[in-house]
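Colleague: Quick one: the structure is below, and I'll ask about it shortly.
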Amino acid sequence: MPIRHCIVHLIEKKPDGTPAVLHARDSELAESQAIENMLADLNESYNAKQGKAWGFFHAESGAHPFSGWLKEYLEGGTDFTAFSRVAVEHLQKLMEESNLSVGGHVLFAHYQQGMTDYLAIALLHHSDGVAVNSELDVTPSRHLDLGQLHLAARINISEWQNNKQSKQYISFIKGKNGKKVAEILRDFLAVLALDKR
Numbered sequence: 084m085p086i087r088h089c090i091v092h093l094i095e096k097k098p099d100g101t102p103a104v105l106h107a108r109d110s111e112l113a114e115s116q117a118i119e120n121m122l123a124d125l126n127e128s129y130n131a132k133q134g135k136a137w138g139f140f141h142a143e144s145g146a147h148p149f150s151g152w153l154k155e156y157l158e159g160g161t162d163f164t165a166f167s168r169v170a171v172e173h174l175q176k177l178m179e180e181s182n183l184s185v186g187g188h189v190l191f192a193h194y195q196q197g198m199t200d201y202l203a204i205a206l207l208h209h210s211d212g213v214a215v216n217s218e219l220d221v222t223p224s225r226h227l228d229l230g231q232l233h234l235a236a237r238i239n240i241s242e243w244q245n246n247k248q249s250k251q252y253i254s255f256i257k258g259k260n261g262k263k264v265a266e267i268l269r270d271f272l273a274v275l276a277l278d279k280r
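At position 44 of the sequence shown (counting the first as 1) the number is 127 in our numbering, and the numbers step up by one without a gap.
Pasting the structure below:
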């Protein structure tokens with residue numbers, strides 16, 4: 084699966100009500116086997132999720148800017164890093180307004196499967212575990228928990244660009260926080276949802 088662009092930002096949000104802090108990455112992630120493995124695992128977890136909602140972009144406007152930013156990036160008017168930065172700043176603002184209690188690492192990945200281009204966006208969280216190091220000691224270990232997606236969406240860019248009649252080129256899932264998380268994601272992407280599958 085060719086990965087065209089990938090970046091991760093961090094929205095630090097504590098449940099105590101303090102404002103969210105954005106730690107934005109300045110450049111894309113370099114291609115690596117770890118990135119490919121992460122995206123493959125993310126896709127597997129996303130595909131296995133039940134209860135996805137499907138939809139399409141709301142008409143572009145000042146209140147619904149995401150599709151305009153995406154279009155500008157795809158047409159070469161801005162680069163992927165700048166696109167992801169303005170988008171994650173918008174997400175941070177929506178998380179503030181909704182009083183969502185947690186943040187996390189926000190992944191943006193533009194990749195290709197077969198002849199189809201996709202944009203995946205996911206809020207990722209860590210899990211604590213244990214590992215055995217080279218001295219055979221058991222030590223604490225943190226890893227991204229790709230099996231527990233709380234907020235994730237996938238945009239079929241090819242369908243959006245090539246089939247103007249389509250109303251099913253965006254899919255998104257609901258996580259543990261249910262309705263509030265789904266509403267933030269819908270507002271962030273400006274998705275008009277159709278149905279759940």
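The C-beta atom is built at its ideal place from N, Cα and C for all residues, glycine as well.
(1) Quick check on the DSSP output: the beta strand (DSSP E) that includes residue 213 runs from which residue to which?
(2) Output the distance between the C-alpha atoms of residue 132 and residue 187, rounded to the nearest integer angstrom.
(3) Do you know how far the Cα of residue 225 is from the Cα of residue 267?
(4) Would you grab the beta carbon distance between residue 264 and residue 233 for me? Rounded to a whole angstrom, and I think it's under 8 Å.
(5) Mark residue 273 as exposed unless 16 or more other C-beta atoms lie within 10 angstroms of its C-beta, in which case mark it buried.
(6) Along the chain, where does the beta strand (DSSP E) that runs through residue 194 open and close?
(7) Give me the Cα-Cα distance between residue 221 and residue 117, rounded to the nearest whole angstrom.
(8) How would you write the range of the alpha helix (DSSP H) that residue 181 sits in, first residue to last?
(9) Run through the DSSP bridge pairs and tell me what residue 101 is partnered with.
(10) Apart from the five residues on each side of it in sequence, which residues of its chain come closer than 8 Å, Cβ to Cβ, to residue 129?
(11) Is it the case that the Cβ atoms of residue 84 and residue 196 are separated by a distance below 9 Å?
(12) State whether the stretch 238–248 contacts the stretch 206–214, with contact taken as three or more CB pairs (one from each stretch) at a distance under 8 Å.
(13) Taking all protein chains shown into account, do 16 or more other C-beta atoms lie within 10 angstroms of the C-beta of residue 150, making it buried, or fewer, making it exposed?
Modeller: This is what the structure gives:
(1) Your numbering for residue 213 matches position 130 in the sequence shown. In the DSSP assignment, residue 213 falls within the unbroken beta strand (DSSP E) covering 209–215.
(2) Here residue 132 refers to the residue found at position 49 when the sequence shown is read from its first residue. Here residue 187 refers to the residue found at position 104 when the sequence shown is read from its first residue. Between residue 132 and residue 187, the alpha-carbon positions lie close to 20 Å from each other.
(3) Residue 267 sits at position 184 when you count from the first residue of the sequence shown. Residue 225 sits at position 142 when you count from the first residue of the sequence shown. Take the alpha-carbon of residue 267 and the one of residue 225: they are about 27 Å apart.
(4) Working through the sequence shown from its first residue, we reach residue 264 at position 181. Working through the sequence shown from its first residue, we reach residue 233 at position 150. Their Cβ separation, rounded to whole angstroms, is 6 Å, which keeps residue 264 and residue 233 in contact under 8 Å.
(5) One-based indexing of the sequence shown puts residue 273 at position 190. If you draw a 10 Å sphere on the C-beta of residue 273, you find 16 or more other C-beta atoms in it, and that means buried.
(6) By one-based count along the sequence shown, residue 194 stands at place 111. Segment 187–196, the beta strand (DSSP E) holding residue 194.
(7) Here residue 221 corresponds to residue number 138 of the sequence shown, with the count starting at 1. Here residue 117 corresponds to residue number 34 of the sequence shown, with the count starting at 1. Taking the CA atoms as reference points, residue 221 sits about 23 Å from residue 117.
(8) The count along the sequence shown starts at 1 and reaches residue 181 at position 98. Looking at the DSSP string, the run of the alpha helix (DSSP H) that includes residue 181 is 163–181.
(9) Reading the sequence shown from its first residue, position 18 is the one you call residue 101. The secondary-structure analysis by DSSP pairs residue 101 with nothing; it has no beta-bridge partner.
(10) Working through the sequence shown from its first residue, we reach residue 129 at position 46. Result list for residue 129: 203, 205, 232, 235, 237, 256, in chain order.
(11) Counting from 1 along the sequence shown, the entry for residue 84 is found at position 1. Counting from 1 along the sequence shown, the entry for residue 196 is found at position 113. Contact flag set, yes.
(12) In short, these stretches do not touch, since the Cβ pair count stays below three.
(13) Here residue 150 is taken as the residue at index 67 of the sequence shown, counted from 1. Result: buried.
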